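Student: Below you will find the structure I want to go over with you.
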Amino acid sequence: MASLDLLVPHLPKITIPTSQQLVYKDECVYSFDNPESETGLYVSLTSFLGFGRNYVEQYFQKTGNAVFLHILREKKPIPEPEQTGDGPEKKITRLAIGVEGGFDPDCGKPKYTFTEHYNVVVLPGFHTFPWPNDALPDVVKKSVQAVLDADSPFKLAEAEALHGTWDGEKREVSVHSVNLKQLDNGVKIPPSGWKCAKCDLTNNLWLNLTDGSILCGRRFFDGSGGNDHAVEHYRATGYPLAVKLGTITADGTGDVYSYAEDDMVEDPYLAEHLKHFGINVQQLQKTEKSMVELELELNRRTGEWNTIQESGSELRPLHGPALTGVNNLGNSCYINSVVQVLFRMPDFIRRYVEGAPEIFSTFPEDPANDFNVQTAKLGVGLISGRYSFPSTGGGQAGVSPHMYRALAGRGHREFSSKRQQDAHEFYLHLLTLIERNSRHKPNPADCLKLTVEERVQCTESLCVRYTRRVEHHLPLPVPVAAATNGHLVREYEQRRAAAEASGQKLDPSQVVRPLIPFQACLDAFMKEELIEQFFSSALNKKVTARKITRLATFPDYLWIQLKKFTIKEDWTPAKLDVAVDMPWEMDLSSLRGRGLQSSECPLPDTSPETPAPVYNEQLLAQLLDMGFPIEACKKALYYSNNSGMEAASHWLMEHMNDWDFANKFEAPGSKSDTTAVDEASLEQVTGMGFTRTQAMKALTATDGDVGRALDWIFSHAEQLDEDTGPGCRDGPEKYKLIAFISHMGTSTMVGHYVCHILHEGRWVIFNDNKVALSENPPKDLGYLYLYERL
1 MASLDLLVPH
11 LPKITIPTSQ
21 QLVYKDECVY
31 SFDNPESETG
41 LYVSLTSFLG
51 FGRNYVEQYF
61 QKTGNAVFLH
71 ILREKKPIPE
81 PEQTGDGPEK
91 KITRLAIGVE
101 GGFDPDCGKP
111 KYTFTEHYNV
121 VVLPGFHTFP
131 WPNDALPDVV
141 KKSVQAVLDA
151 DSPFKLAEAE
161 ALHGTWDGEK
171 REVSVHSVNL
181 KQLDNGVKIP
191 PSGWKCAKCD
201 LTNNLWLNLT
211 DGSILCGRRF
221 FDGSGGNDHA
231 VEHYRATGYP
241 LAVKLGTITA
251 DGTGDVYSYA
261 EDDMVEDPYL
271 AEHLKHFGIN
281 VQQLQKTEKS
291 MVELELELNR
301 RTGEWNTIQE
311 SGSELRPLHG
321 PALTGVNNLG
331 NSCYINSVVQ
341 VLFRMPDFIR
351 RYVEGAPEIF
361 STFPEDPAND
371 FNVQTAKLGV
381 GLISGRYSFP
391 STGGGQAGVS
401 PHMYRALAGR
411 GHREFSSKRQ
421 QDAHEFYLHL
431 LTLIERNSRH
441 KPNPADCLKL
451 TVEERVQCTE
461 SLCVRYTRRV
471 EHHLPLPVPV
481 AAATNGHLVR
491 EYEQRRAAAE
501 ASGQKLDPSQ
511 VVRPLIPFQA
521 CLDAFMKEEL
531 IEQFFSSALN
541 KKVTARKITR
551 LATFPDYLWI
561 QLKKFTIKED
571 WTPAKLDVAV
581 DMPWEMDLSS
591 LRGRGLQSSE
601 CPLPDTSPET
611 PAPVYNEQLL
621 AQLLDMGFPI
631 EACKKALYYS
641 NNSGMEAASH
651 WLMEHMNDWD
661 FANKFEAPGS
671 KSDTTAVDEA
681 SLEQVTGMGF
691 TRTQAMKALT
701 ATDGDVGRAL
711 DWIFSHAEQL
721 DEDTGPGCRD
731 GPEKYKLIAF
741 ISHMGTSTMV
751 GHYVCHILHE
761 GRWVIFNDNK
771 VALSENPPKD
781 LGYLYLYERL
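Taking the UniProt record's numbering, the leading residue of the sequence shown gets 1, the next gets one more, and so forth.
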């Protein structure tokens, strides 16, 4: 054992962590090394940061902090009892992975016992003192014990993410349940023989807990379900709560939906509310599928889950550089897929993998909360191959991006939770963070930037106006009516309906989806759009205008989103169950914009007679109560001439997927308002390295709010003057497919994401920590696609 005298010079720097201080004892802040790694983990007794063997010496040289607690965890498999094959199969009750009741990624894997070995280590030289050790100085003993007693930051973050969220089964108590109005109308519900009061349906029935009405539920996107009579009843009466008959159990639980809160909820007084209508819950048995079970059945019926995951194939596992899996941290598959795809582009590799030594050399005070450090850590972990080796029980050891997930989601209402999210929305959010943290370095996302060109023509004067904005993706509509196999789809639906009527089910592998040609999606994007209420500065009056959208620049890498997710007429989210014939290679020359032509007459920039838009304040308040962004509500009222809720609602439904849905509204034909900007705010923004023109534009667009203005600069570059330089690269319009992300489930809030990536000429499937050679890449069922310029 080393001499205790080695500790003496460092005792003044050793501290004891407070209960508020985070102790990173689970993983290195610069790599994915942890106590189970071959060389273990070193936790500084000064900063309480954890380091793998590759980084602890650099940290010591940079800071002089020399004393560490070394943690080495030894794990041994527990012998499994011999399986007889007679035990019950674990029932899946939730369409998710890695959460209770969902698909268990650890199912079938061996269980382990863990033994931890501790030593106090002094650098340089890695002099070791065993722990526990009464001979150690008192401050060292207290510091080590506090580290061992501290809660894991990962567990703290997980608890915070779970707080107040619904993960598919845990539901919030309805605000309407405590003082629910129940009518004394004499209605008594029989124990059986239920039927919808407005149609002949005898299943998927909902009992309204205010007046006792029994009505059918919503129609699903595939045509199954009910006829929407229960939701229509709510719209007519405002009675908020309904319970699904057949899901009520003897302990007083059941599927309760709050139309007013637009969510599945918990009614702790359900037994009492049912007793009002003569129902004794203790005599009831659950007879009908819950909403979660219906969701599972719907996915099994369409066969999407098995097809996208290539479940019918014997997939050969792959390991090595750029073939690293990412462990699912509880509904984090949307993050996993996006980062796997982003780190296929050389710009991201140069910035965060090859540039990692420079990023790490800064040794920020809190590297766990430094976005560039954690992004570089993730990039190195994915590309190096260091963590790409088989783990017992299938899959890979892979990486678990706890710190990255917590940091990327911090302050965001959705991405900080453990709910399933939309991978595309996370992609846009991530690019905003990358841009915000690339002020003094090239932004790797520049390779994805494209310039959108919009041409608007006044139908009376024939004058035109061209505007440009910067985007990071190309959203393509999915015109179901353009399916080339409509007759086969109809025949399949007839067979399925007949089979279900006779109590049978068709083989999911026989499903026939509408097949949409890629060109039809492109044509739908490029088609001319009519703009009502356009103020023509050439004629000083409102007219109808025509708008077409093209691309002024073509990026090195083109990110395409198929707009498969939509909102049904009853305001419920749905996903189009279609196949789109996406090309392996494509030529987008027809999408090239040409700008103002010599034969065209430009519209005057502005007119003193441009009227300011007027909004019905009562209607605006009602739309805001429905949860829509204020700028979208203004547009809806403007384009519907304030004619009423129905017209405004229809406009919102039709335009929810517009690129600029929530952007600041400017009446068609008008120019940006030159609102006075506070000089102090202007100095704040310009002091961060932006031009006065950029700052003026951003503050004007955000009503002078400095914080929002900074976000606007990063994420809404489309409204900056052209002389600020959008930084968009341009080149030939020919591309090849190199990656795509697929989603399984009926909405973005449930399901699972998987990505397929072209690696060294072979397609590889990345399904969380499972990485394998793809045999049948399901490119027609994807949601997000990455194309590389040829």
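Using N, Cα and C, we set each Cβ at its ideal position, and we do this for glycine too. None of these values were measured; they are calculated from a predicted model.
Hey, quick one: how far does the alpha helix (DSSP H) through H487 stretch, first residue to last?
Tutor: Taking the first residue of the sequence shown as 1, we reach residue 487 at position 487. Taken as a continuous stretch (DSSP letters only), the alpha helix (DSSP H) holding H487 covers G486 to A501.
Student: Quick check on the DSSP output: the beta strand (DSSP E) that includes L382 runs from which residue to which?
Tutor: The count along the sequence shown starts at 1 and reaches residue 382 at position 382. Counting along the chain, L382 falls outside any beta strand (DSSP E), though it belongs to the alpha helix (DSSP H) covering F371 to I383.
Student: Can A423 and V489 be called in contact, C-beta distance under 7 Å?
Tutor: By 1-based counting over the sequence shown, the position of residue 423 is 423. By 1-based counting over the sequence shown, the position of residue 489 is 489. Result no, Cβ atoms of A423 and V489 do not sit closer than 7 Å.
Student: Give the C-beta separation of L69 and P35 to the nearest angstrom, bearing in mind that I take them to be a contact with Cβ-Cβ under 8 Å.
Tutor: Looking up residue 69 in the sequence shown gives position 69. Looking up residue 35 in the sequence shown gives position 35. With a Cβ gap of about 11 Å, L69 and P35 do not count as contacting.
Student: Label T675 either buried or exposed according to how many other C-beta atoms from any shown protein chain fall within 10 Å of its C-beta, with 16 as the threshold for buried.
Tutor: For the purposes of this step, residue 675 is identified with residue 675 of the sequence shown, where counting begins at 1. Note that T675 scores 47 on pLDDT, short of 50, meaning its location in the model is unreliable; the coordinates nonetheless yield the value given after this. Counting Cβ neighbours within 10 Å, T675 comes out exposed, since fewer than 16 surround it.
Student: Can we say the region 509-521 touches the region 540-557, given the rule of at least three CB pairs closer than 8 Å?
Tutor: They do not touch, by the three-pair rule.
Student: Taking its Cβ as the centre, do 16 or more other Cβ atoms sit within 10 Å of C216, making it buried, or is it exposed?
Tutor: Residue mapping note: residue 216 aligns to position 216 of the sequence shown, counting from 1. The residue in question, C216, is buried, as its Cβ has 16 or more Cβ neighbours within 10 Å.
Student: Using CA coordinates, which residue listed in R235, V265 and E261 is at the minimum distance from K244?
Tutor: Position 244 of the sequence shown, counting from 1, holds the residue named residue 244. Among R235, V265 and E261, the Cα nearest to that of K244 belongs to V265.
Student: Can you look up S536 in the DSSP assignment and give me helix, strand or coil?
Tutor: For the purposes of this step, residue 536 is identified with residue 536 of the sequence shown, where counting begins at 1. S536: strand per DSSP, three-state reduction.
Student: Measure the alpha-carbon distance for N306 versus N65 and round it to whole angstroms.
Tutor: Indexing the sequence shown from 1 puts residue 306 at position 306. Indexing the sequence shown from 1 puts residue 65 at position 65. Rounded to whole angstroms, N306 to N65 spans 52 Å at the Cα level.
Student: In the DSSP output, which residue or residues are listed as bridge partners for N776?
Tutor: Here the question's residue 776 lines up with position 776 in the sequence shown. For N776, which the question treats as bridged, DSSP gives no partner whatsoever.
Student: Helix, strand or coil: which one does DSSP assign to G707?
Tutor: What you label residue 707 is simply residue 707 of the sequence shown in a count that begins at 1. In the structure shown, G707 sits in a helix (DSSP, three-state: H, G or I).
Student: Runs of 4 residues minimum, wholly inside the region 563-649: which ones carry the alpha helix (DSSP H) assignment?
Tutor: For the region 563-649, whole alpha helix (DSSP H) runs of length 4 or above, ordered along the chain, are 617-625 and 630-639.
Student: Does T724 come out as helix, strand or coil in the three-state DSSP assignment?
Tutor: As a position in the sequence shown, residue 724 is number 724, starting the count at 1. Since pLDDT at T724 reaches only 39, below the 50 mark, its modelled position is unreliable, and the value read off the structure follows with that caveat. If DSSP states are grouped into helix, strand and coil, T724 belongs with the helices.
Student: Apart from the five residues just before and just after L382, which ones in its own chain have a Cβ nearer than 6 Å to its Cβ?
Tutor: The count along the sequence shown starts at 1 and reaches residue 382 at position 382. If we look at L382 and ignore the five residues flanking it on each side, its Cβ neighbours are T324 and F343.
Student: Compute the Euclidean distance between the alpha carbons of D347 and G593, then round it to the nearest angstrom.
Tutor: Reading the sequence shown from its first residue, position 347 is the one you call residue 347. Reading the sequence shown from its first residue, position 593 is the one you call residue 593. Approximately 26 Å between the Cα atoms of the pair.
Student: Can you tell me which of S509, D768 and T18 puts its alpha carbon nearest to the alpha carbon of Y334?
Tutor: Mapped onto the sequence shown, residue 334 falls at position 334. The residue with the shortest Cα to Cα distance from Y334 is D768.
Student: Write down the C-beta distance between L558 and Y735 rounded to the nearest angstrom, noting that I regard them as a contact closer than 8 Å.
Tutor: For this step, residue 558 is matched to residue 558 along the sequence shown. For this step, residue 735 is matched to residue 735 along the sequence shown. About 6 Å; that satisfies the 8 Å criterion.
Student: Looking only at its chain, what residues have a beta carbon closer than 6 Å to the beta carbon of residue 791, apart from the 5 residues adjacent to it on each side?
Tutor: Residue 791 lies beyond the range of the chain shown here (1 to 790); nothing can be said about it.
Student: From what residue to what residue does the beta strand (DSSP E) around F766 run?
Tutor: In the sequence shown, residue 766 corresponds to position 766, counting from 1. From DSSP, the beta strand (DSSP E) with F766 extends over R762 to N767.
Student: Just to confirm, does D678 get its C-beta within under 6 Å of one of the non-hydrogen atoms of the ligand ATP?
Tutor: As presented, the structure is devoid of all ligands, the ligand ATP included, so that no description of it is given.
Student: Under 7 Å between the Cβ atoms of F665 and K697?
Tutor: In the sequence shown, the residue the question calls residue 665 occupies position 665. In the sequence shown, the residue the question calls residue 697 occupies position 697. In this structure, K697 does not lie closer than 7 Å to F665 by Cβ.
Student: For D446, which three-state DSSP category applies?
Tutor: As a first step, residue 446 must be located in the sequence shown, where it is residue number 446. In this structure, D446 counts as helix in the three-state DSSP scheme.
Student: How many whole angstroms separate the CB atoms of L603 and V452, which I take to be in contact at a CB cut-off of 8 Å?
Tutor: For the purposes of this step, residue 603 is taken as residue 603 along the sequence shown, with counting starting at 1. For the purposes of this step, residue 452 is taken as residue 452 along the sequence shown, with counting starting at 1. About 19 Å separates the two Cβ atoms, so there is no contact after all.
Student: Evaluate contact between the region 174-183 and the region 193-200, counting only Cβ atoms and requiring at least three cross-stretch pairs below 8 Å.
Tutor: No contact exists between the region 174-183 and the region 193-200.
Student: According to the neighbour-count rule (16 or more other Cβ atoms, all chains shown, within 10 Å of its Cβ), is E435 buried or exposed?
Tutor: One-based indexing of the sequence shown puts residue 435 at position 435. Under this definition E435 is a buried residue.
Student: Looking at L474: is its Cβ nearer than 7 Å to the Cβ of I560?
Tutor: Counted from its first residue, the sequence shown places residue 474 at position 474. Counted from its first residue, the sequence shown places residue 560 at position 560. The answer is yes: Cβ separation under 7 Å.
Student: Under 7 Å between the Cβ atoms of G385 and G320?
Tutor: Translated into the one-based positions of the sequence shown, residue 385 becomes position 385. Translated into the one-based positions of the sequence shown, residue 320 becomes position 320. Result yes, Cβ atoms of G385 and G320 sit closer than 7 Å.
Student: Between E454, L539, I757 and L315, which has its C-alpha nearest L530's C-alpha?
Tutor: Taking the sequence shown and counting its residues from 1, the one referred to as residue 530 is at position 530. Cα-wise, what sits closest to L530 is E454.
Student: Quick check: the Cα distance between Q504 and A498, rounded to an integer number of angstroms?
Tutor: By 1-based counting over the sequence shown, the position of residue 504 is 504. By 1-based counting over the sequence shown, the position of residue 498 is 498. Between Q504 and A498, the C-alpha separation is close to 8 Å.
Student: So V265 is in the beta strand (DSSP E); what residue range does that whole segment cover?
Tutor: Here residue 265 refers to the residue found at position 265 when the sequence shown is read from its first residue. Run containing V265: D263 to V265, per the beta strand (DSSP E) assignment.
Student: In whole angstroms, what is the alpha-carbon distance linking F277 and V187?
Tutor: Residue numbering aside, residue 277 sits at position 277 when the sequence shown is read from its first letter. Residue numbering aside, residue 187 sits at position 187 when the sequence shown is read from its first letter. Whole-angstrom Cα-Cα distance: 6 Å.
Student: According to the Cβ coordinates, are I765 and A739 closer than 7 Å?
Tutor: Here the question's residue 765 lines up with position 765 in the sequence shown. Here the question's residue 739 lines up with position 739 in the sequence shown. Cβ distance not < 7 Å, so I765 and A739 don't count as in contact.
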